[in-house]
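S.K.: Got a structure for you, questions after.
In my numbering, the protein residues as written are -19 to 351.
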């Protein structure tokens, strides 16, 4: 499997061209002030479709800057800044971004995309670092928000727009347009900061591929449809490939966002697997004997699933007596369980055999931030 790269906000690994955050070097550098994003109206007062989308979405797009501590080659601590993107989903300051944008941050600052940007200190209130999602909170009210759409009905060739702080360029956020060029992709992306990843490589499953330009600094920004609804979170790319970027499907993170909104920092049950929904094509590709379920693409290092004997290639068909027909089903079932709970996990193995194992659920890892 070709390995892609997340745009990580750190000085030491920026050379890896990881997917969507930009290293700004020493603390104190500035990403620049945001400028208004407007174009003259078309004759008759109409607007170009993309312009209308941008006008709708841009006010809810924010710049996320993290002060990051890390060690250099000699073991000495250094502090730098990384820049990513986020989007506001609730008017009282709930923001969604990538976990890798804020991981190991000593301070998180959010700036609005207004003509005169307003800055806020932000804190992590939830997330799912295995799936590279973080939920932040700022102390504000009356903020513009963006609607969450559905990634389930996306079609190849459908138009999309990506917004974010690409390359931390002065003058505010960037906009790129394209189409949905692939669906349900599974990719690996190097992330030296991911301590729960096997061999420091994230496994993204069920992601959206797009030819809309996604560059360093775009991480955590919204990929929206032509109605301005978020269908994905821009997360990964490859500097050596043209017109290929990847976004986390929004449907896969809605439960995580809802949990963080309802119960900030509450512990959430964690199985420690990356999964993909089984369908006809996947069953044929891997010669699976089950045509439904959640196919295990990877397990986390020393996670609950791996410790209980669950392996890559297994298909999860039930958890705690509840049927699992898709990867989204697995997330919904886990959302109703508690850390420390022992549950039976029904599996179909690579040889077609069925078995049940007992797993003691862990606590979902949140982004690690420094006090």
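Using N, Cα and C, we set each Cβ at its ideal position, and we do this for glycine too.
Would you kindly work out how many angstroms separate the C-alpha atoms of residue 13 and residue 261, rounded to a whole number?
M.R.: Any reading at residue 13 is ruled out, since the residue's pLDDT is 35, under 50, leaving its predicted position unreliable.
S.K.: Let me check understanding here. Comparing Cα to Cα, which of 290, 73, 251, 163 lies closest to residue 310?
M.R.: 251
S.K.: Going by DSSP, name the residue or residues bridged to residue 138.
M.R.: Partner(s): none; residue 138 has no beta bridge.
S.K.: Which residue spans inside the stretch 288 to 312 form an unbroken alpha helix (DSSP H) run of at least 4?
M.R.: none
S.K.: With a 10 Å radius around its C-beta and 16 neighbouring C-beta atoms as the bar for buried, classify residue 333 as buried or exposed.
M.R.: Per the 10 Å Cβ criterion, exposed.
S.K.: How is residue 258 classed by DSSP in three states: helix, strand or coil?
M.R.: coil
S.K.: Three-state secondary structure (DSSP) at residue 234?
M.R.: helix
S.K.: For the beta strand (DSSP E) containing residue 74, name the first residue and the last one.
M.R.: 74 to 77
S.K.: Under the assumption that residue 161 contacts residue 78 (Cβ atoms under 8 Å), give the Cβ distance between them as a whole number of angstroms.
M.R.: In fact, because the Cβ distance is near 21 Å, the residues do not count as touching under 8 Å.
S.K.: Which term fits residue 195, buried or exposed, when burial requires 16 or more other beta carbons within 10 angstroms of its beta carbon?
M.R.: Buried, because 16 or more other Cβ atoms sit within 10 Å of the Cβ of residue 195.
S.K.: So for residue 338, helix, strand or coil by DSSP?
M.R.: In this structure, residue 338 counts as strand in the three-state DSSP scheme.
S.K.: Which of the three DSSP states is assigned to residue 223 in this structure?
M.R.: Coil.
S.K.: Check residue 70 in the structure and name its three-state DSSP category.
M.R.: strand
S.K.: If we ignore side chains and look at the alpha-carbon of each, how far apart do residue 300 and residue 155 end up?
M.R.: Annotation: residue 300 to residue 155 spans about 44 Å, alpha carbon to alpha carbon.
S.K.: Let's test the definition: count the other Cβ atoms within 10 Å of the Cβ of residue 223 and tell me whether it reaches 16, buried, or not, exposed.
M.R.: exposed
S.K.: Which partner residues does residue 126 have in the DSSP bridge list?
M.R.: DSSP links residue 126 through a beta bridge to no other residue.
S.K.: Just the Cα atoms here: how many angstroms apart are residue 278 and residue 179?
M.R.: 11 Å
S.K.: Looking at the strands, I want to know which residues DSSP matches up with residue 157.
M.R.: 141
S.K.: Nearest to residue 211 by alpha carbon, out of 84, 193, 80, 233?
M.R.: 233
S.K.: Can you give me the Cβ contacts of residue 337 inside the same chain, cut-off strictly under 6 Å, excluding the 5 residues immediately before and after it?
M.R.: 288, 289, 325
S.K.: With C-beta atoms as the reference, is residue 239 less than 9 Å away from residue 246?
M.R.: yes
S.K.: Pick from 138, 111, 72: whose alpha carbon is nearest that of residue 80?
M.R.: 111
S.K.: Just to confirm before moving on: does the CB-CB distance between residue 306 and residue 272 stay below 9 Å?
M.R.: yes
S.K.: Exposed or buried, residue 43, counting other C-beta atoms within 10 Å across all chains shown (16 or more means buried)?
M.R.: buried
S.K.: Note the first and the last residue of the continuous beta strand (DSSP E) segment covering residue 33.
M.R.: Note, residue 33: premise wrong, no beta strand (DSSP E); alpha helix (DSSP H) at 29 to 37.
S.K.: Is the beta carbon of residue 117 closer than 9 Å to that of residue 74?
M.R.: yes
S.K.: Could you pull out every residue in the same chain whose Cβ sits closer than 6 Å to the Cβ of residue 316, ignoring the five residues on either side in sequence?
M.R.: none
S.K.: For the candidate residues 184, 213, 276, 96, whose alpha-carbon lies nearest to that of residue 165?
M.R.: 184
S.K.: Where residue 321 and residue 293 are concerned, what is the direct C-alpha to C-alpha distance, given to the nearest angstrom?
M.R.: 24 Å
S.K.: Count the other CB atoms, across all protein chains shown, that sit within 10 Å of the CB of residue 226; report buried if there are 16 or more and exposed otherwise.
M.R.: buried
S.K.: Pick out the complete alpha helix (DSSP H) segments inside the stretch 74 to 108, 4 residues or longer, and give them in chain order.
M.R.: 79 to 82
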